[in-house]
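Chains as they are written, first to last, in my numbering: chain A, 1 to 269; chain H, 1 to 269. Report on the structure given below.
Protein chains: 2
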Amino acid sequence: MLVNGKPGDSIGIRDRGLLYGDGIFRTMLAARGKAQGWPLHYHKLSDDCAALGIACPDIGSLTAELDSILRRQPDCVVKLIVTRGAGKRGYAPSGCAGSTRLWDTFPVPEYPAEWLTHGIRAHLCDLRLGHQPRLAGIKHLNRLENVLAAAESDAANAAEGLVMDAADNIIGGTRSNLFLVLHGELVTPDLSKCGVAGIQRDRVIGWAAENHVPLHVREVRLDDVMEAEELFVVSSVLKMWTIREFNRRSWSRFPVSEKIRLSLDGPGT
Amino acid sequence: MLVNGKPGDSIGIRDRGLLYGDGIFRTMLAARGKAQGWPLHYHKLSDDCAALGIACPDIGSLTAELDSILRRQPDCVVKLIVTRGAGKRGYAPSGCAGSTRLWDTFPVPEYPAEWLTHGIRAHLCDLRLGHQPRLAGIKHLNRLENVLAAAESDAANAAEGLVMDAADNIIGGTRSNLFLVLHGELVTPDLSKCGVAGIQRDRVIGWAAENHVPLHVREVRLDDVMEAEELFVVSSVLKMWTIREFNRRSWSRFPVSEKIRLSLDGPGT
């Protein structure tokens, strides 16, 4: 654990990350001392910080800190948090001395092997995501909706929960982005009103462009999901899980998904 | 500052209050060693914790901690945060060892005298609050909307900002609840889809019931606000500010507001 470049496992109780969730985070998988997709993660961190007006630490310092962590723990889940830091009392963000940056590591999760080989069971959550265009797509620290949704999918003993918004659009997983193979084309939910746009999602979108597979970022209805030939979720930690069971339908063949998985697992990671 | 009953000014970086904004807070004004409205604040804290499934510390322990703080600082703003504590990695709230409780104090803010004598200028914020019925009313730690709105009202050099939701309803101030005196009756926005229901709001609602003044909790449109005879905002820290200028209209007489102010400042505080 590093807090502002020094070993530590605590932050001040006046940090706005705690007080208001006023910060950004990234979660990455590290293998053999290398954080997969780090440049993409940094780029997204930088965009998210800019969207909230938080000073983003430069890539040089962060890369040096990341390297120092991964020298000791070459294989782990590594998490980075950047908050607006501490300021004067009150919501207004003016007068902050500078952002706070934190690194933490966790063991790589061991998921049941069949989730990878046969796909997962996904739960349709009751919780609906609210629309907030100013925060949509950003991986900020205001994550109570995800907490409530994850509690539901946990209670249903499902590997992941899929979440709709208040307008009955499917937005994605509680901690992942969703893709459909529909009529031979790729479809993924529009995230301009809610949801988090992860970098694995960007990589799938990039794969589609490179491979001339039509891909649509659009509103996705439950009917679309139920009609899809294949469904899969992606994230930087779980990588890709196909969905074998959702909302009383099952799927068993994932030819397009498996092709994309090969590419995501490839040297580009 | 107290962290779980002991002097301290930091919390662990794995606390879910930081990671996800997974917690509740209260901010109170203390005068002569007494936190105003503490039983009401505790009641609200307890309700909010229950809504998120967070174990609420018992009132005895919290009162003892509060007393110990106010013996040293009899006049201050005192803030209490209760988070879900630290658990295993991931959004799902299961497996948390126990909640974290924090106390912090701040000097009593000195507002310009004319805000109290003549009312404030309020700014109409561009930011619209998203609808999330599962979190509406709760004073949780997911406060980025308030941060963005407060940044706007600060930039406009206004004492407070008024915020609408995505459906063009006025919801309240960035850090306060709004009341209108409209056709001789009291009106305050419905907070079932967004906003925070503060205890000063409850006290005004109680005052109206005791004094047989009709009060309506309902959707409030900008037109209602512009037609109101009087406007005022309330919170536990700022108590009550009348609004003398908002959206190019001005107000100068506040007879109903002043009557309520006398009652709120009275021995019931």
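For glycine and all other residues, C-beta sits at the position ideal for the given N, C-alpha and C. Since this is a predicted model, take the numbers as computed values, not measurements.
- Using a Cβ-Cβ distance cut-off of 8 Å, the region 117-128 of chain A and the region 239-257 of chain A are in contact, since at least three pairs of beta carbons, one from each stretch, lie closer than that value.
- Note on geometry: alpha-carbon atoms of residue 29 of chain A and residue 140 of chain H lie some 30 Å from one another.
- Within the same chain, Cβ atoms closer than 8 Å to the Cβ of residue 265 of chain A are found at 239, the five residues on either side in sequence being excluded.
- Using a CB distance below 9 Å, the part of the region 7-31 of chain A facing chain H consists of 8, 9, 10, 11, 12, 13, 14, 15, 16, 17, 18, 19, 20, 21, 22, 23, 25, 27, ordered along the chain.
- Nearest to residue 128 of chain A by C-alpha distance, out of A:111, A:91, A:168, is A:168.
- Using a C-beta cut-off of 8 Å, the region 38-50 of chain A makes no contact with the region 149-162 of chain H, since fewer than three inter-stretch Cβ pairs fall below that distance.
- Per DSSP, residue 41 of chain H has no beta-bridge partner at all.
- For residue 147 of chain H, the nearest CB of chain A lies under 8 Å from its own CB, placing it at the interface with that chain.
- Within the model, the alpha-carbon separation for residue 54 of chain H versus residue 82 of chain H is close to 8 Å.
- The beta carbon of residue 31 of chain A sits closer than 6 Å to the beta carbons of 75 from its chain, once the five residues preceding and following it are set aside; these are given in chain order.
- Rounded to whole angstroms, the separation of the alpha carbons of residue 233 of chain A and residue 201 of chain H is 44 Å.
- Annotation: the continuous beta strand (DSSP E) that includes residue 123 of chain H extends over 120-129.
- For residue 104 of chain H, the neighbours in chain A by C-beta distance under 8 Å run, in chain order, 13, 14.
- For residue 198 of chain A, the closest Cβ of chain H is not nearer than 8 Å.
- Residue burial is scored here from C-beta neighbours: residue 165 of chain H has at least 16 other C-beta atoms within 10 angstroms and is therefore classed as buried.
- Only those residues of the region 149-162 of chain A whose C-beta falls short of 8 Å from the nearest C-beta of chain H are listed: 149, 150, 151, 153, 154.
- The C-alpha of residue 80 of chain A lies about 34 Å from the C-alpha of residue 69 of chain H.
- Residue 15 of chain A carries a strand assignment under DSSP once its states are collapsed to helix, strand and coil.
- In its chain, beyond the 5 residues on either side, 55, 85 have a beta carbon closer than 7 Å to the beta carbon of residue 98 of chain H.
- Using a Cβ distance threshold of 8 Å, residue 64 of chain H and residue 91 of chain A do not count as a contacting pair.
- Interface flag for residue 131 of chain A against chain H is set, since a Cβ pair is found closer than 8 Å.
- Taken atom to atom, the span from the alpha-carbon of residue 180 of chain H to that of residue 187 of chain H is near 5 Å.
- The alpha-carbon of residue 170 of chain A is positioned some 10 Å away from that of residue 195 of chain A.
- Contact with chain A is absent for residue 97 of chain H, since none of that chain's Cβ atoms lies less than 8 Å from the residue's Cβ.
- Here residue 133 of chain A has 192, 193 as same chain residues with Cβ atoms under 7 Å from its own Cβ, once five neighbours each way along the sequence are excluded.
- Counting other Cβ atoms within 10 Å of its Cβ, residue 197 of chain A reaches 16 or more and is therefore classed as buried.
- For residue 235 of chain A, the beta-bridge partners assigned by DSSP are A:239.
- Among the residues facing chain H, residue 111 of chain A is not included, as its CB has no counterpart in that chain under 8 Å away.
- Scanning its chain for C-beta atoms nearer than 8 Å, with the 5 sequence neighbours on each side dropped, one finds around residue 71 of chain H the residues 33, in chain order.
- With respect to residue 20 of chain H, residue 175 of chain A sits apart: the two C-beta atoms are not nearer than 8 Å.
- One Cα belongs to residue 225 of chain H, the other to residue 147 of chain H, and the distance between them is close to 23 Å.
- Excluding the 5 residues flanking it on each side, residue 2 of chain A has same chain C-beta neighbours closer than 6 Å at 65, 103, in chain order.
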